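First comes the structure, then the notes that go with it.
What follows is the structure, given as structure tokens:
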């Protein structure tokens, strides 16, 4: 799970396997495969880095 911040300041955990699209319009809108959209404070690049870090942690053997 990756942690992102909604515009209200509430922190939520999102399953990165459900990410379909991340747009900056100029707010960052995360679209999930379920069709749900979440507006977050993190930039598109920050989300990308969080997902890369998450995948690295999952797939790299200790």
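Residue numbers (this note's numbering): 4 to 65. Heads up, the beta-carbon is just placed ideally off N, CA and C, and yes, glycines get one too. Everything numeric in this text was worked out from a predicted model, so none of it was measured.
Its chain contains 8 as the residues whose beta carbon lies nearer than 6 Å to that of residue 44, once the 5 sequence neighbours on both sides are disregarded; these appear in chain order.
The beta carbon of residue 25 is closer than 8 Å to those of 31, 32, 33, 34, 47, 50 and 51 in its chain, skipping five residues each way along the sequence. Residue environment analysis places residue 63 among the exposed positions, since fewer than 16 neighbouring C-beta atoms fall within 10 angstroms of its C-beta. Beta-bridge pairing by DSSP links residue 61 to no other residue. A Cβ-Cβ distance of about 6 Å is found for the pair residue 14 and residue 6, placing them in contact under the 8 Å criterion.
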